[in-house]
Ligand code: WT7
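In our numbering, the protein residues as written are 1 to 653.
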């Protein structure tokens with residue numbers, strides 16, 4: 001593939017962009033708090049704040065102190081009041097091909113009905129509501145209904161097990177659960193209610209369950225427990241479509257979102273109201289260069305993750321934008337296009353959706369991009385993708401090869417790619433380009449957004465120079481930062497604020513290149529030390545994926561008596577390429593050539609699949625266990641545990 005070192009948006013793109021120069025960066029640098037106050041003033045406040053930031057109880061921040069507002073009113077009421085009721089809020093495309101169009105006025109009405117239904121079940125301000133749903137429009141409706149009455153939601157990704165769901169319900173002491181009979185996944189119904197029933201065996205706090213009917217009679221009968229379970233369609237439409245928004249303090253809890261830490265117990269990350277919405281809306285608007293009158297924006301993440309919370313629900317709705325929600329997987333055609341067995345199905349659903357709806361902004365993850373690369377360019381090339389203007393990436397470092405592929409085959413060589421670094425804990429984007437301003441480099445997330453301050457530090461906590469590598473830390477509080485871990489303030493301090501006193505430690509390694517641009521290197525536990533040389537798994541994976549025979553790669557550092565750690569590589573070959581000892585040697589040498597002989601993998605296995613979590617993250621811990629010859633422990637979080645013996649055979653055979 002042609003080499004691409006830097007990319008700048010076209011003159012036309014720049015001329016139409018919201019931000020065309022660096023003045024916003026300069027304003028934020030000159031007075032950070034005034035800058036964030038200006039962003040917050042774009043929201044509707046019931047009462048103004050008295051102080052932008054109270055950091056006196058650090059690391060517990062209070063933003064927009066004494067300010068009062070309601071998130072759902074900012075996402076709905078004000079747009080309808082401004083005459084935008086007929087604008088589409090969501091286009092919904094179900095996996096089978098069913099479609100719904102929901103305007104702001106319709107969403108506004110349904111949210112108020114659902115809010116009244118929750119009130120009728122006894123839900124009050126400050127309560128917690130668990131949500132366990134497929135990607136259907138009732139999911140954002142449920143979240144906004146909670147926000148409207150001041151209840152905090154805790155969305156649990158619909159791919160989680162009964163045990164994971166009940167753990168999260170128990171920790172949050174949720175009173176009500178909102179769920180569905182099931183959703184469509186990989187061309188078939190995937191039932192949820194049975195999992196819910198299992199989970200609720202051990203959750204005494206749940207009094208009522210609202211169940212959306214997505215599947216209906218098509219599948220197994222659904223057990224509805226008398227007095228506890230209520231069909232959404234029996235209850236919600238009967239309520240008045242008028243429910244005044246609860247007046248919330250800027251620091252009232254908006255939601256909990258559980259994420260895994262280093263211990264087995266998931267952390268309930270707490271996000272509050274005013275600061276969270278300010279930064280979610282700000283970043284969504286400027287990083288995607290949003291033009292809400294004309295854009296059709298699609299974030300292809302699941303709402304069960306923070307990406308969906310901030311960039312399918314709260315950011316886009318606060319900005320009055322038209323979004324797309326797609327229920328299913330990228331390799332499932334609509335029912336009418338399904339021919340032959342599953343293996344023969346067309347793999348162009350994403351590109352078909354973009355062509356049909358005229359999507360202008362697309363936000364997806366590197367793991368998806370590498371899967372598309374593996375499937376081949378014929379799929380995007382068969383669809384008209386000329387509506388696209390900006391492409392986003394999130395969730396892991398995007399290797400330059402995937403960046404260039406995304407840019408070339410999806411973006412038609414014309415779209416800026418915004419690589420956005422952030423975390424469940426940060427609530428919104430932190431490091432990302434502004435597409436008309438930043439000179440983009442494939443593989444670099446560029447620099448901090450206006451109003452965000454980051455530094456890379458060494459082991460002793462000393463800032464490193466440019467160029468240089470170190471631990472990524474955030475040096476000043478930011479509006480959408482987590483306010484703590486639910487029920488465990490000490491764990492919040494220990495996890496994020498103790499490794500480098502006075503700094504938020506993100507857990508990621510990064511480097512500055514000679515221009516001071518930031519390159520994320522992955523979690524520090526993925527950084528290897530080979531003979532005293534610091535090497536990132538990501539850099540080596542990038543080098544492997546750079547080879548034309550390789551579709552996807554994962555690298556781990558395994559213990560080695562001589563060198564400390566040695567590199568074990570696992571690669572998936574592209575379609576049509578055959579594994580051979582010659583190719584194995586060639587791939588190892590390729591890394592040596594691209595990075596350095598010290599980076600040459602000690603061993604390299606060609607495997608049919610990599611162990612991934614349901615959210616698509618490669619489970620390097622499992623690969624490390626395999627590479628070190630240990631028996632594999634818990635594989636329940638794997639999307640597909642059956643691949644473990646297959647990988648082991650490839651490794652040993
Ligand atoms: C971790 C956070 C952000 C929402 C989805 C993931 C990694 C995230 C990038 C990026 C390199 C990235 C980091 C971070 N990460 N975005 N653009 N480049 N790494 O949220 O599950 O909380 O994971 O994802 O390692 O710490 P999460």
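Built from N, CA and C at the ideal position, the CB exists for glycine as well.
(message) Measuring straight from C-alpha to C-alpha, what distance separates residue 264 and residue 240?
(response) Only weak support is given to the placement of residue 264: the predicted model assigns it a pLDDT of 47, under 50, and the question is left unresolved by the model.
(message) Less than 7 Å separating the Cβ of residue 680 from some heavy atom of ligand 1?
(response) Any answer about residue 680 is impossible in this case: the structure gives the chain only from 1 up to 653.
(message) Is it buried or exposed, residue 267, if we count other Cβ atoms within 10 angstroms and call 16 or more buried?
(response) That one is buried.
(message) Quick check on DSSP: helix, strand or coil for residue 25?
(response) Annotated three-state conformation of residue 25 is helix, per DSSP.
(request) Have a look at residue 515 and residue 440 and give me their C-alpha separation to the nearest angstrom. (result) Spanning the two alpha carbons is a distance of roughly 12 Å.
(request) In the DSSP assignment, find the beta strand (DSSP E) that holds residue 186 and state where it starts and stops. (result) That residue, residue 186, is in no beta strand (DSSP E); it is neither H nor E in DSSP.
(request) Put residue 264 into one of helix, strand or coil per three-state DSSP. (result) Note that residue 264 has pLDDT 47, beneath the 50 cutoff, so the model's placement of it is unreliable and no number is given.
(message) I need the DSSP call for residue 446, collapsed to helix, strand or coil.
(response) When DSSP states are grouped into helix, strand and coil, residue 446 belongs to the strand group.
(message) Can you tell me whether residue 228 is buried or exposed? The criterion is at least 16 other CB atoms within 10 Å of its CB, across all chains shown.
(response) It counts as exposed.
(message) Contact defined as beta carbons within less than 8 Å: I believe residue 114 pairs with residue 156. What is the distance between those atoms, to the nearest angstrom?
(response) In fact, because the Cβ distance is near 18 Å, the residues do not count as touching under 8 Å.
(message) I'd like to confirm something about residue 656: is its beta-carbon nearer than 7 Å to some heavy atom of ligand 1, or not?
(response) The shown model of the chain, from 1 to 653, leaves out residue 656, and the question about it has no answer.
(message) Short of 8 Å in beta carbon distance, which residues of its chain neighbour residue 233, apart from the five on each side in sequence? Order them along the chain.
(response) If we look at residue 233 and ignore the five residues flanking it on each side, its Cβ neighbours are 212 and 213.
(message) Taking the alpha carbon of residue 5 as the reference point, which residue from 407, 74 and 601 has its own alpha carbon closest?
(response) Considering only alpha carbons, the answer is 407.
(request) Identify every residue that forms a DSSP beta bridge with residue 74. (result) Residue 74 is not bridged to any residue.
(message) Using only CA atoms, which one of 487, 606 and 259 lies nearest to residue 615?
(response) With distances taken between Cα atoms, residue 615 lies closest to 259.
(message) Measuring only the C-alpha atoms, how far is residue 320 from residue 107?
(response) C-alpha separation (whole angstroms): 12 Å.
(request) Could you tell me the distance, in whole angstroms, from the CA atom of residue 364 to the CA atom of residue 399? (result) About 14 Å.
(message) Considering only their Cβ atoms, is the gap separating residue 434 from residue 286 smaller than 8 Å?
(response) Yes, the Cβ-Cβ distance between residue 286 and residue 434 is below 8 Å.
(request) Find the nearest neighbour of residue 577 within the set 552, 528, 595 and 561, judged by alpha-carbon distance. (result) Selected option, being the one with the closest Cα: 552.
(message) Give me the residue from 190, 171, 117 and 17 with the minimum Cα distance to residue 96.
(response) Nearest C-alpha to residue 96: 190.
(request) Name, in chain order, the residues that DSSP records as bridge partners for residue 468. (result) 512, per the DSSP bridge assignment.
(message) When you compare the stretch 617 to 635 with the stretch 583 to 590, are there three or more beta-carbon pairs, one atom per stretch, that lie closer than 8 Å?
(response) Contact between the stretch 617 to 635 and the stretch 583 to 590 is not established, with fewer than three Cβ pairs separated by less than 8 Å.
(request) Could you check if residue 465 is buried or exposed, using at least 16 other CB atoms within 10 Å of its CB as the buried criterion? (result) Flag for residue 465 reads exposed.
(message) Just to confirm, is the Cβ distance from residue 596 to residue 279 under 8 Å?
(response) Residue 596 places its beta carbon 8 Å or farther from that of residue 279.
(message) By the three-class DSSP mapping on this structure, what secondary structure does residue 419 have?
(response) DSSP, reduced to helix, strand and coil, places residue 419 within a strand of the structure shown.
(message) Which residue wins for smallest C-alpha separation from residue 327, given the options 403, 215 and 388?
(response) Taking each of 403, 215 and 388 in turn and checking the Cα distance to residue 327, the smallest one comes out for 215.
(message) Distance check for residue 121 and residue 651, CA to CA, integer angstroms please.
(response) If I take the Cα positions, the gap works out to 55 Å.
(message) Along the chain, where does the alpha helix (DSSP H) containing residue 143 start, and where does it finish?
(response) Element bounds for residue 143: 138 to 149.
(request) May I have the straight-line CA-CA distance separating residue 317 from residue 339, to the nearest angstrom? (result) Going from the Cα of residue 317 to the Cα of residue 339 covers about 37 Å.
(message) Considering only DSSP beta bridges, list what residue 390 is partnered with.
(response) 361, per the DSSP bridge assignment.
(message) Using a Cβ-based criterion (distance less than 7 Å to any ligand heavy atom), does residue 328 qualify as near ligand 1?
(response) Result no, Cβ not under 7 Å from ligand 1.
(message) Classify residue 55: buried if its beta carbon has 16 or more other beta carbons within 10 angstroms, exposed otherwise.
(response) Residue 55 is exposed by the Cβ-count criterion.
(request) Specify whether the stretch 418 to 425 and the stretch 632 to 652 touch according to this definition: at least 3 beta carbon pairs, one from each stretch, less than 8 Å apart. (result) Contact between the stretch 418 to 425 and the stretch 632 to 652 is absent, because fewer than three Cβ pairs lie under 8 Å.
(request) Assign residue 320 to one of three DSSP states: helix, strand, or coil. (result) It is coil, neither helix nor strand.
(message) Quick check on residue 351: does DSSP put it in helix, strand or coil?
(response) Helix, per DSSP.
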